[in-house]
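Peer 1:
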Amino acid sequence: MKKVVVIGGGASGLFAAITAAKQGAFVTIIEHKDRVGKKILSTGNGRCNYTNAYLNASCYYDNGFAMEVIDQFPVDKTLEAFKEMGIWPKSRDGYYYPHSDQASSVLDILRYELEKQKIVVKTETMIQSIKSSKGQFQLTLTNGKLKADAIILACGGLAAPTTGSDGSGYELAKLFGHKIHKPVPGLTGVSCEEKFFKELSGIRVQAKIQAKIKDKLMEEEGEVQLAAYGISGIPTFQLCRYIARQKTCEITLDFMPNIGYIELVDYLQTHTKDQYVGMINKKLLGVLLKRYGEQPKKLAQGIKQFKVTAIGTSDFTKAQVTSGGVYCDEINPQTMQSNLVPNLYFAGELVDVDGKCGGYNLQWAWSSGYVAGLNAGRIDE
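In structure tokens:
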């Protein structure tokens, strides 16, 4: 029987293990925390937004690698697979959750499937060394040794370290000659240098946000949250992976994206300052008036083009995903096998693939785990 070892018991590792076992392989999961799947419990604000009907290439920040993998196990197959395991899907505008609205439901059915497929799970176990010879592997663990015909590295990244993400997978990948695109926090807030943000903490506003990254203008729109350190909210999350790789970055906020400049000037000219609170949050209005004055054209410009300077992002403790990882050009997207080492496979956040908010990162975990598990577990004819 083919022996497959999956290193990492997160979403991608669990799915890879289950898929490999279904191919007839004997599968062992190595997890350094006291239980598997901890990060799944925090996804979707505890409800687990596990995929999205509107998934397409623009949802991922790479050069098409992610979609080559996802096309082999797309959204419809994901919904079908989870339904077969027991998860009844509930869609909210294309965002899929378990009908129970509990992330624990997803983890529970995955753990049940591990038992059903007779997968061995070794928790609180660390890798001390891995040696490869003629396509096989010898693993030395903190509590013994293992031999494997194939290894799947699904160790995750650095985001949300309390769930077990510690970056150890990068060191394992390096042992096999793989290069790492420097990991930075993804899907998190952006720190700004302006002191007035302390006055604005807690304000939520529908806004358009633009970030000038080198010579390219990146843009997102939605509910922006103002915080003592700067800005947060989904539109900010979508841009932070780019901002994280800059020392500083100019950001422009449009606090009234649905109203044109001329219409806004007309409103300001025909209403008194006291009436402006019907248009803009009172605290934010105070900062705008201090910064741009009461002259309608200047104030309108400030509302439409509120410029601030980003000086970084929140750290990995507040990040939802890791941006960066094992370079995609060192992995075969049709199999998730290393281009450098035979029978070494990758899955999940360890790879340099990250997506926007909305279930896209979990879909990457399921799809990459499936493709890695399918090929690692497949018995050669």
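The opening position of the sequence shown corresponds to residue 638 in the working numbering, with each subsequent residue numbered one higher. From the three backbone atoms N, C-alpha and C, an ideal C-beta is built for every residue, glycine too.
1) Short check: CB of G731 to CB of N689, under 8 Å?
2) Which same chain residues end up closer than 8 Å to V827 when comparing Cβ atoms and leaving out the 5 residues on each side of it in sequence?
3) For P855, does the three-state DSSP call read helix, strand or coil?
4) State the Cα-Cα distance for the pair S805 and E858, rounded to the nearest angstrom.
5) Taking contact to mean 3 or more Cβ pairs, one atom from each stretch, closer than 8 Å, check whether the segment 769-776 and the segment 693-712 are in contact.
6) To test your reading of the DSSP string, which unbroken alpha helix (DSSP H) runs of 4 or more residues are found completely within the segment 947-997?
7) Taking the alpha carbon of K993 as the reference point, which residue from G1006, K920, N686, V673 has its own alpha carbon closest?
8) Secondary structure at P820, three-state DSSP: helix, strand or coil?
9) Between which two residues does the beta strand (DSSP E) harbouring V758 extend?
10) Output the boundary residues of the beta strand (DSSP E) element that contains V827.
11) With a 10 Å radius around its C-beta and 16 neighbouring C-beta atoms as the bar for buried, classify A662 as buried or exposed.
12) Check for me: the alpha helix (DSSP H) holding Y904 runs from which residue to which?
13) For Q862, which residues in the same chain have their Cβ closer than 6 Å to its Cβ, ignoring the five residues on either side in sequence?
14) Just mark W725 as buried or exposed, buried being the case when its beta carbon has 16 or more other beta carbons within 10 Å.
15) From S1004 to A654, what distance separates their C-alpha atoms?
16) Nearest to K884 by alpha carbon, out of K851, M855, T907?
17) For K675, tell me which candidate among G1006, G646, E808, I746 has the shortest Cα-Cα distance.
18) Within 10 angstroms of its Cβ, does N780 collect 16 or more other Cβ (buried), or is it exposed?
19) What span of residues does the beta strand (DSSP E) with D891 cover, start to end?
20) Nearest-angstrom Cα distance between G650 and L678?
21) Does the Cβ-Cβ distance between K941 and L901 come in under 8 Å?
22) Which residues in the same chain have their Cβ closer than 6 Å to the Cβ of K727, if we skip the five residues on either side of it in sequence?
23) Should K920 and E830 be called a contact, given that it needs their Cβ atoms to be closer than 8 Å?
24) Going by DSSP, what residue range makes up the beta strand (DSSP E) through R672?
25) Would a C-beta distance cut-off of 8 Å place A956 and L890 closer than the cut-off?
26) Just to confirm the assignment: which complete beta strand (DSSP E) runs, minimum length 3, are found wholly within the segment 759-810?
27) Quick one: is the Cβ of D989 within less than 7 Å of any heavy atom of the ligand MN?
28) How would you label G962, buried or exposed, when you count the other beta carbons within 10 angstroms and need 16 or more for buried?
29) Starting from K659, follow the alpha helix (DSSP H) in both directions and report where the run begins and ends.
30) Within the same chain, show all residues whose beta-carbon is closer than 6 Å to that of K944, passing over the 5 residues directly before and after it, in chain order.
31) Could you give the distance in angstroms between the alpha-carbon of V988 and the alpha-carbon of I817?
32) Kindly list the residues whose CB is nearer than 7 Å to the CB of K910, restricted to its own chain and excluding five residues on each side of it in sequence; keep chain order.
33) Tell me, to the nearest whole angstrom, how far the beta carbon of L783 is from that of Q765; I am working on the premise that it is less than 8 Å.
34) Figure out for me which residue from Y698, Q912, F652, G996 has the closest Cα to the Cα of M722.
35) For R928, report the span of its alpha helix (DSSP H) as first-last.
Peer 2: The relevant details are as follows:
1) The sequence position of residue 731 within the sequence shown is 94, counting from 1. The sequence position of residue 689 within the sequence shown is 52, counting from 1. Between G731 and N689, the gap from beta carbon to beta carbon is short of 8 Å.
2) Translated into positions along the sequence shown, residue 827 becomes position 190. Close CB contacts of V827 within its chain, under the 8 Å cut and outside five residues either way in sequence, are with G867, I868, S869, T873, L876, C877, I880, I888, A947, G949, T950, S951 (chain order).
3) Taking the first residue of the sequence shown as position 1, residue 855 is located at position 218. The sequence shown places Met at residue 855, not Pro. Residue state, collapsed to three classes: strand.
4) Reading the sequence shown from its first residue, position 168 is the one you call residue 805. Reading the sequence shown from its first residue, position 221 is the one you call residue 858. Cα-Cα distance, rounded: 35 Å.
5) The segment 769-776 vs the segment 693-712: no contact.
6) Within the segment 947-997, no complete alpha helix (DSSP H) run reaches 4 residues.
7) Taking the sequence shown and counting its residues from 1, one reaches residue 993 at position 356. The residue among G1006, K920, N686, V673 with its C-alpha nearest the C-alpha of K993 is N686.
8) To locate residue 820, count along the sequence shown from 1; it is residue 183. Here P820 sits in strand by DSSP.
9) For the purposes of this step, residue 758 is taken as the residue at position 121 of the sequence shown. 757-759 is the span of the beta strand (DSSP E), which, as asked, contains V758.
10) Taking the first residue of the sequence shown as 1, we reach residue 827 at position 190. V827 -> beta strand (DSSP E) spans 827-829.
11) As a first step, residue 662 is located in the sequence shown; it is residue number 25 there, counting from the start. Residue burial is scored here from C-beta neighbours: A662 has at least 16 other C-beta atoms within 10 angstroms and is therefore classed as buried.
12) The sequence position of residue 904 within the sequence shown is 267, counting from 1. 898-907 is the extent of the alpha helix (DSSP H) around Y904.
13) Taking the sequence shown and counting its residues from 1, the one referred to as residue 862 is at position 225. Result list for Q862: R841, S869, G870, in chain order.
14) Counting from one through the sequence shown, the residue named residue 725 turns up at place 88. That one is exposed.
15) Walking along the sequence shown from the start, residue 1004 turns up at place 367. Walking along the sequence shown from the start, residue 654 turns up at place 17. Rounded to whole angstroms, the separation of the alpha carbons of A654 and S1004 is 13 Å.
16) The residue labelled residue 884 in the question sits at position 247 within the sequence shown. Of the candidates K851, M855, T907, the one whose C-alpha sits nearest the C-alpha of K884 is K851.
17) The residue labelled residue 675 in the question sits at position 38 within the sequence shown. Out of G1006, G646, E808, I746, G646 has the C-alpha closest to the C-alpha of K675.
18) By 1-based counting over the sequence shown, the position of residue 780 is 143. It counts as exposed.
19) The sequence position of residue 891 within the sequence shown is 254, counting from 1. That run of the beta strand (DSSP E) goes 886-891.
20) Within the sequence shown, the letter at position 13 stands for residue 650. Within the sequence shown, the letter at position 41 stands for residue 678. Spanning the two alpha carbons is a distance of roughly 15 Å.
21) Taking the first residue of the sequence shown as 1, we reach residue 941 at position 304. Taking the first residue of the sequence shown as 1, we reach residue 901 at position 264. Taking 8 Å as the Cβ cut-off, K941 and L901 qualify as a contacting pair.
22) The residue given as residue 727 occupies position 90 in the sequence shown. Hits under 6 Å: Y734, H736.
23) By one-based count along the sequence shown, residue 920 stands at place 283. By one-based count along the sequence shown, residue 830 stands at place 193. No. Outside cutoff.
24) Within the sequence shown, numbered from 1, the residue matching residue 672 stands at position 35. In the DSSP assignment, R672 falls outside any beta strand (DSSP E) and carries neither an H nor an E.
25) Here residue 956 corresponds to residue number 319 of the sequence shown, with the count starting at 1. Here residue 890 corresponds to residue number 253 of the sequence shown, with the count starting at 1. It is not a contact, given that the beta carbons lie outside the stated cut-off.
26) Correct list: 764-770, 773-778, 781-785, 787-790.
27) The ligand MN is absent from the structure shown, which contains no ligand whatsoever.
28) Taking the sequence shown and counting its residues from 1, one reaches residue 962 at position 325. Burial call: buried.
29) On the sequence shown, position 22 is the one that residue 659 refers to. In the DSSP assignment, K659 falls within the alpha helix (DSSP H) that extends over 648-659.
30) Taking the sequence shown and counting its residues from 1, one reaches residue 944 at position 307. Within the same chain, Cβ atoms closer than 6 Å to the Cβ of K944 are found at T889, the five residues on either side in sequence being excluded.
31) Counted from its first residue, the sequence shown places residue 988 at position 351. Counted from its first residue, the sequence shown places residue 817 at position 180. Approximately 9 Å, taken between the alpha carbons.
32) Sequence index remark: in the sequence shown, residue 910 carries index 273 (1-based). E931, listed in sequence order.
33) Position 146 of the sequence shown, counted from the start, is the residue given in the question as residue 783. Position 128 of the sequence shown, counted from the start, is the residue given in the question as residue 765. The Cβ separation is near 11 Å, so there is no contact.
34) Locating residue 722 in the sequence shown gives position 85, where the first residue counts as 1. Ranked by how close their Cα comes to the Cα of M722, the residues Y698, Q912, F652, G996 have F652 in first place.
35) In the sequence shown, residue 928 corresponds to position 291, counting from 1. Boundaries of the alpha helix (DSSP H) around R928: 919-929.
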